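Each remark here refers to the structure printed beneath this line.
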Amino acid sequence: MLRNISRPAIFALLTLCLGILAGYATRTAGSQVQLTGIAVTLLICCWGFRLTAEGTAAMLFFLFLAVGHVIEPRSIFGGFSSPAFWLIFSGLIIGKAIKVSGLSDRLAYIFQGKGTGSYASVLARVVMAAVLFAFVVPSALGRIIILLPMLEAVAHNYGFKKEDTGFIGIMLAGVLGTYYPGFTILPSNLPNIIMAGSAETIYGITIGYMDYFLLHFPILGAGKALLLWLFILKAFPATLTAQGQERPPQAWQPAERIALVVLAAALILWMLDSIHGISPGWISLGAALIFLLLPKWFGTELFSGVKFDTLLFVACAIGVGEIIEVSGLGAFASTSLLHIVPLDGAGPAKSVPVILTMFMGTGLMTLMPSIPSVFVPLADGIAQASGLPLKSLLMLLVPAFSSFLLPYQAPPLIVTMHYGGITYRTMAKVTLSIFLFTLLIIFPLDLLWWKLLGVPLH
2 MLRNISRPAI FALLTLCLGI LAGYATRTAG SQVQLTGIAV TLLICCWGFR
52 LTAEGTAAML FFLFLAVGHV IEPRSIFGGF SSPAFWLIFS GLIIGKAIKV
102 SGLSDRLAYI FQGKGTGSYA SVLARVVMAA VLFAFVVPSA LGRIIILLPM
152 LEAVAHNYGF KKEDTGFIGI MLAGVLGTYY PGFTILPSNL PNIIMAGSAE
202 TIYGITIGYM DYFLLHFPIL GAGKALLLWL FILKAFPATL TAQGQERPPQ
252 AWQPAERIAL VVLAAALILW MLDSIHGISP GWISLGAALI FLLLPKWFGT
302 ELFSGVKFDT LLFVACAIGV GEIIEVSGLG AFASTSLLHI VPLDGAGPAK
352 SVPVILTMFM GTGLMTLMPS IPSVFVPLAD GIAQASGLPL KSLLMLLVPA
402 FSSFLLPYQA PPLIVTMHYG GITYRTMAKV TLSIFLFTLL IIFPLDLLWW
452 KLLGVPLH
């Protein structure tokens, strides 16, 4: 009888059971927290099991919260007003403009180097170039917006089409190759900046660039980049059907020059955002508007790169963190975890895995930048309960917020999925696999590295 039940029906039943379980787990927290917990659980299941399109699931989520008067509409739809939403929205337009202008092909030649070698060597070059890119551009979304059209051109130059495993492999190697290691370079990803800034503001602890880099990059950055290369090579095997460009395009076209100037200006403004105070989202929006106002060189179809389903998904994925916080679900979850986890001054062998689990468990219910936002203010209490030094505990946040289970936790991956035509399920398999390998291989090696450096964990 069970064999006759379709897979979607099984997933739908499992989703229903998990929703009921979420409601039961939050039964003592009040109706607002309970309804939010149920809604978030159902949303994550709809995305993960592909029960509906991502945008449709987002609409159902919005409707549930709005009709139920769970929280204020401005919080429900807050993702649409977030600078991150406009960074992604305008980034899709910028990516299309770079492609239309032909600049992506020229940059792809520089990116791929000599057009010879095997698929493994191509992936290795892409990963290494992506890691180096993380040192240059401090915004993860900004880096990925620039990389995507270049990676697409590289894949096409080697003979891959969008549905090919080789195309997906090259896209993932570039995006994840700049995103994962970026967590170990202090100004490169948003959670790093939030953690360092909050630590200095709340506790007066200054985290230096080189201290942070030496502690995290060798294993958590370079090690994970190597792991990523090996995983993609195995999970997305391919054979090159072409050997890339033998030489770059000869003459610079006007559209290429304009695109390069606009892109360079945006990069400079992104890098100097701490000085001028303008959000990267508004800088990106300005760059997109320049391209839209120049149809003579960039055409009239730049909006064709933006799908409404994508925008709904992006707004929901970005806004779910605020919804969890405003509803009180985040505070309830973190407080419950602090009461449940056995932090009683035990040694690092017991306390460190428990603390990492607590950090990552909270991250599963929201976006990765929320982990330092939630736990840096609680760090002193957790340090006293566990017996760990405060600075060491703060540094444990980095392995946690750099390791995510599902794509919705990381907005840059949302852009990649929709730009590259990668399904949510495929991306989820990748992030889940990397997460498991990180737990089994990277985390133990990382703690050994800490021990070699003399970082106190007791």
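Numbering (the numbering used here), first residue to last: 2 to 459. By construction, the Cβ of each residue, glycine as well, lies at the ideal position given by its N, Cα and C atoms. Predicted model only: the values in this text are computed from it and were never measured.
Residue i (DSSP reduced to helix, strand or coil)
i	result
L406	coil
P390	coil
I206	coil
K539	With the chain covering only 2 through 459, there is no way to say anything about residue 539.
E302	coil
N190	coil
A252	coil
L378	At residue 378 the sequence reads Pro, which differs from the Leu that was named. P378 falls in the coil class under three-state DSSP.
F237	coil
E323	helix
S371	helix
G422	coil
I72	coil
A316	helix
T27	coil
I279	coil
V307	coil
G455	coil
F161	coil
L270	helix
Y213	helix
Contact belief for residue i with residue j at Cβ below 8 angstroms, rounded distance in angstroms
i	j	result
Y180	I145	7 angstroms
F237	G170	4 angstroms
I443	I220	6 angstroms
L173	V431	6 angstroms
P182	A223	7 angstroms
F90	F50	Their Cβ separation, rounded to whole angstroms, is 27 angstroms, which puts F90 and F50 out of contact at 8 angstroms.
F184	S403	4 angstroms
V123	L241	7 angstroms
I203	V377	6 angstroms
V132	A226	5 angstroms
I147	L312	Between L312 and I147 the Cβ distance is about 20 angstroms, and since that is not below 8 angstroms, they are no contact.
L440	W451	Not a contact, Cβ separation roughly 16 angstroms.
A130	N190	Not really, about 18 angstroms apart at Cβ, beyond 8 angstroms.
Exposed unless 16 or more other CB atoms sit within 10 angstroms - verdict on residue i
i	result
P192	buried
L397	buried
V262	exposed
E153	buried
Y25	exposed
H217	buried
A200	buried
G331	buried
Q410	buried
R8	exposed
H419	buried
V501	Outside the shown range of the chain, which is 2 to 459, sits residue 501, and nothing can be said about it.
P281	buried
Y110	buried
G198	exposed
G143	buried
C46	buried
Y213	buried
Chain D within 8 angstroms of residue i, Cβ atoms only
i	result
P412	In the displayed structure, chain D is absent; only one protein chain is listed.
beta-carbon residue i near the ligand HEM non-hydrogen atom, thresh 7 angstroms
i	result
M151	This structure simply doesn't include the ligand HEM, nor any ligand for that matter.
Proximal residues to residue i (C-beta, below 7 angstroms), its chain only, five neighbours per side dropped
i	result
L104	E257, A260, L261
K392	I206
L43	T16, G20
A380	L391, L394, L395
V128	A174, G178, A226, L229, W230
L234	A121, L124
D447	I220, L221, P400
I291	V263
Proximal residues to residue i (C-beta, below 8 angstroms), its chain only, five neighbours per side dropped
i	result
S337	none
F309	G56
Q254	S102, G103
L433	L406, L407
K162	F168
L357	L397, P400, A401, F444
Other residues of its chain near residue i: CB distance less than 6 angstroms, five sequence neighbours each side excluded
i	result
V307	L93
L270	I284
V176	I145, T417
L149	G96, Y420
T27	V34, Q35, G38
(message) Across the segment 153-171 and the segment 417-435, are there enough close Cβ pairs to call them in contact, namely three or more that are closer than 8 angstroms?
(response) yes
(request) Could you tell me whether the segment 96-106 touches the segment 267-286, using the rule of 3 or more Cβ pairs below 8 angstroms? (result) no
(message) With a threshold of 8 angstroms, are at least 3 pairs of Cβ atoms found where one atom belongs to the segment 49-69 and the other to the segment 23-41?
(response) yes
(message) Would you call the segment 77-85 in contact with the segment 308-326, where contact means no fewer than 3 C-beta pairs closer than 8 angstroms?
(response) yes
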